[in-house]
Ligand code: PMP
Ligand code: GLN
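Numbering (the UniProt record's numbering), first residue to last: 79 to 491.
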């Protein structure tokens, strides 16, 4: 293997998806819905493939994004961001948000540049920064309260620690809101604090907003790109997999000023070059329909979070009934539960050099047939202990499966 792949071999997904295949647990691990995606997008895709009038929709399309999709994205984000988004120059379609993150980091970060990463972070940010030759600088969110029922809003940045992470070497910061795994929706004041540091140090904000539509009552998804003076230094990343509950479709997008997209486009054109045409066409059709009913409760961007809020609340009561302490997420479809009390009671075994939560999650999957994800995977080595007392569950699942998880958890008491 090339040197650039050394030290980043481990992946929590490779490890725990393999475990789920072997142990066959009830799977609240990897984030994907266990129920059908909306009919309109699925019908659109099957129709597009078979459309006798448009057989070319099964062939290559424009490299930076299928015209119908970039037009739909430009229309939607023009409304969302309150400024005109140029479909041909300010949108790049990628193979999932993963590729958007990868091309942003590879296309903007030079060897030796520092990239600030807020923890907990979606795990691929760190290896991507390293592959670009960059240096990750970690700043954790820390819980201001522990025990009982707390909120993801109780997890906060220390302003002095954040400010100290920025310097003349800082190229970018990566922020994920709503956050995976915590469910934190960053407040306007928090984003302003981050944005002000970007302006002060001439840094780029790479915003992973894949859960943008999934915020719960009383929460507002604030877009960094809409804050004063931030459009010109912000890259906003989204995902069709999350937006339309089709994680297997792997279409994502990057929105930003054309000068910031220049580097990412070069990486894309020499690697993936163009994404699947029929899937882009179907996602475009999906967006056109949602744009047309944006203010209706039937709009998927409203009906999905409403449905998820019910599942979140069910999950909170399940965790409480089992004597666990949930951190109530403000958005997204993951919940962290504080399991430190249970971890002291059960003999989980495993490799003592591994973080506690890794050992607990493996034990739970093998012995109790319930799969979660260990949150310390979303922290750097120096801050892993902050995540080690928790387990992450995905709750975009049928209620019957959440209740089954509850039955398993109750027996741990
Ligand atoms: N960012 C976050 C925070 C995610 O949870 C995911 C889910 N895998 C991604 C990026 C990647 O999204 P996609 O499946 O569209 O590549
Ligand atoms: N984003 C999903 C999660 O956090 C899936 C990640 C993956 O499969 N690599 O669970």
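Positions of the beta carbon are idealized from the N, C-alpha and C atoms, including for glycine.
**Prompt:** Terminal residues of the continuous beta strand (DSSP E) containing residue 470?
**Reply:** Residue 470 sits at position 392 when you count from the first residue of the chain shown. Per DSSP, residue 470 is one residue of the beta strand (DSSP E) stretching across 468 to 472.
**Prompt:** Between residue 152 and residue 315, what straight-line distance do the alpha-carbon atoms span, to the nearest angstrom?
**Reply:** By one-based count along the chain shown, residue 152 stands at place 74. By one-based count along the chain shown, residue 315 stands at place 237. Here the alpha carbon of residue 152 sits roughly 13 Å from the alpha carbon of residue 315.
**Message:** I need the boundaries of the alpha helix (DSSP H) containing residue 327, first residue and last residue.
**Reply:** Taking the first residue of the chain shown as position 1, residue 327 is located at position 249. It is not in any alpha helix (DSSP H) - residue 327 carries neither H nor E in the DSSP assignment.
**Asked** Count the other CB atoms within 10 Å of the CB of residue 133; is the residue buried (16 or more) or exposed (fewer)?
**Response** Position 55 of the chain shown, counting from 1, holds the residue named residue 133. The residue in question, residue 133, is exposed, as its Cβ has fewer than 16 Cβ neighbours within 10 Å.
**Prompt:** Which parts of the region 200 to 249 are runs of the beta strand (DSSP E), unbroken and 3 residues or longer, counting only runs that do not cross its ends?
**Reply:** 213 to 218
**Message:** What ranges does the beta strand (DSSP E) occupy inside the region 385 to 434, keeping only unbroken runs of at least 3 residues that lie completely in it?
**Reply:** For the region 385 to 434, the continuous beta strand (DSSP E) assignments of 3+ residues that do not extend past its boundaries occur at 403 to 406 and 412 to 416, in sequence order.
**Asked** Going by alpha carbons, who is nearest to residue 406 out of 236, 366, 454 and 392?
**Response** For the purposes of this step, residue 406 is taken as the residue at position 328 of the chain shown. The shortest Cα separation from residue 406 among 236, 366, 454 and 392 belongs to 392.
**Message:** Quick check: the Cα distance between residue 247 and residue 214, rounded to an integer number of angstroms?
**Reply:** The residue labelled residue 247 in the question sits at position 169 within the chain shown. The residue labelled residue 214 in the question sits at position 136 within the chain shown. Straight-line Cα distance between these residues: approximately 11 Å.
**Prompt:** Hey, would you say the C-beta of residue 108 is under 7 Å away from at least one heavy atom of the ligand GLN?
**Reply:** For the purposes of this step, residue 108 is identified with residue 30 of the chain shown, where counting begins at 1. Yes, the ligand GLN has a heavy atom inside 7 Å of this Cβ.
**Message:** Among 472, 446 and 434, whose alpha-carbon lies nearest the alpha-carbon of residue 454?
**Reply:** Working through the chain shown from its first residue, we reach residue 454 at position 376. Among 472, 446 and 434, the Cα nearest to that of residue 454 is on 434.
**Message:** Taking only three categories from DSSP, how would you classify residue 304?
**Reply:** Locating residue 304 in the chain shown gives position 226, where the first residue counts as 1. Collapsing the DSSP output to three states places residue 304 in a helix.
**Prompt:** What do you reckon, are the CB atoms on residue 252 and residue 333 nearer than 8 Å?
**Reply:** Along the chain shown, one-based indexing puts residue 252 at 174. Along the chain shown, one-based indexing puts residue 333 at 255. No, they are not a contact pair.
**Asked** If we ignore side chains and look at the alpha-carbon of each, how far apart do residue 313 and residue 472 end up?
**Response** For the purposes of this step, residue 313 is taken as residue 235 along the chain shown, with counting starting at 1. For the purposes of this step, residue 472 is taken as residue 394 along the chain shown, with counting starting at 1. Their backbone Cα atoms lie some 27 Å apart in a straight line.
**Message:** Quick check: is any heavy atom of the ligand GLN less than 7 Å from the C-beta of residue 91?
**Reply:** For the purposes of this step, residue 91 is identified with residue 13 of the chain shown, where counting begins at 1. Yes, the beta carbon of residue 91 sits closer than 7 Å to at least one heavy atom of the ligand GLN.
**Request:** Quick one: measure Cβ to Cβ for residue 303 and residue 159, integer angstroms, because I've assumed they're closer than 8 Å.
**Result:** The count along the chain shown starts at 1 and reaches residue 303 at position 225. The count along the chain shown starts at 1 and reaches residue 159 at position 81. Taking 8 Å as the upper bound for CB-CB distance, residue 303 and residue 159 are in contact here, some 6 Å apart.
**Beta-carbon contacts of residue 225 that lie in its chain and below 8 Å, excluding the five residues immediately before and after** = Taking the first residue of the chain shown as position 1, residue 225 is located at position 147. Shown here for residue 225: same chain residues with a beta carbon closer than 8 Å to its own, the five before and five after excluded, namely 403 and 416 in chain order.
**Burial state of residue 468, where buried means 16 or more other Cβ atoms lie within 10 Å** = The sequence position of residue 468 within the chain shown is 390, counting from 1. Buried.
**Asked** Should residue 230 be listed as close to the ligand PMP, given that the test is whether its C-beta is under 7 Å from any heavy atom?
**Response** Within the chain shown, the letter at position 152 stands for residue 230. Result no, Cβ not under 7 Å from the ligand PMP.
**Cβ-based neighbour list, residue 111, same chain, cut-off 6 Å, excluding 5 preceding and 5 following** = Translated into positions along the chain shown, residue 111 becomes position 33. The residues are 323 and 474.
**Message:** Just to confirm, is the Cβ distance from residue 356 to residue 147 under 8 Å?
**Reply:** Start at 1 with the first residue of the chain shown, and residue 356 comes out as number 278. Start at 1 with the first residue of the chain shown, and residue 147 comes out as number 69. No, they are not a contact pair.
**Prompt:** Under a Cβ-count criterion, where at least 16 other Cβ atoms within 10 Å of its own Cβ denotes burial, should residue 349 be classed as buried or exposed?
**Reply:** Counting from one through the chain shown, the residue named residue 349 turns up at place 271. Exposed is the call here.
**Item:** Contacts around residue 278, its chain only, beta-carbon distance under 8 Å, and the 5 residues preceding and following it disregarded
**Value:** In the chain shown, the residue the question calls residue 278 occupies position 200. Excluding residues within five positions, the ones whose Cβ falls inside 8 Å are 244.
**Message:** Helix, strand or coil for residue 86? Go by DSSP, reduced to three states.
**Reply:** Within the chain shown, the letter at position 8 stands for residue 86. DSSP places residue 86 in coil when its eight states are reduced to three.
**Asked** When the Cα atoms are used, what is the spatial distance from residue 459 to residue 216?
**Response** In the chain shown, residue 459 corresponds to position 381, counting from 1. In the chain shown, residue 216 corresponds to position 138, counting from 1. Using only the alpha carbons, I get a separation of about 10 Å.
**Request:** Tell whether a beta-carbon distance below 8 Å holds between residue 414 and residue 218.
**Result:** To locate residue 414, count along the chain shown from 1; it is residue 336. To locate residue 218, count along the chain shown from 1; it is residue 140. No. Outside cutoff.
**Request:** Reducing DSSP to helix, strand and coil, say where residue 166 ends up.
**Result:** Mapped onto the chain shown, residue 166 falls at position 88. In the structure shown, residue 166 sits in coil (DSSP, three-state: anything other than H, G, I, E or B).
**Item:** Contacting residues, own chain, Cβ-Cβ under 7 Å from residue 381 (five flanking each side not counted)
**Value:** Numbered from its first residue, the chain shown carries residue 381 at position 303. Excluding sequence neighbours, residue 381 sits near 375.
**Request:** Quick one: using the 10 Å Cβ neighbour count with 16 as the cut-off for buried, is residue 255 buried or exposed?
**Result:** As a working note, residue 255 is residue 177 in the chain shown. By the neighbour-count rule (16 or more Cβ atoms within 10 Å), residue 255 is buried.
**Item:** Beta-carbon spacing of residue 142, residue 343 below 8 Å
**Value:** For the purposes of this step, residue 142 is taken as residue 64 along the chain shown, with counting starting at 1. For the purposes of this step, residue 343 is taken as residue 265 along the chain shown, with counting starting at 1. Closer than 8 Å, so yes.
**Range of the contiguous beta strand (DSSP E) that encloses residue 286** = Locating residue 286 in the chain shown gives position 208, counting from the first residue. Taken as a continuous stretch (DSSP letters only), the beta strand (DSSP E) holding residue 286 covers 282 to 286.
**Prompt:** Taking just the CA atoms, how far does residue 298 sit from residue 265?
**Reply:** The residue given as residue 265 occupies position 187 in the chain shown. The residue given as residue 298 occupies position 220 in the chain shown. Distance between the alpha carbons of residue 265 and residue 298: 8 Å.
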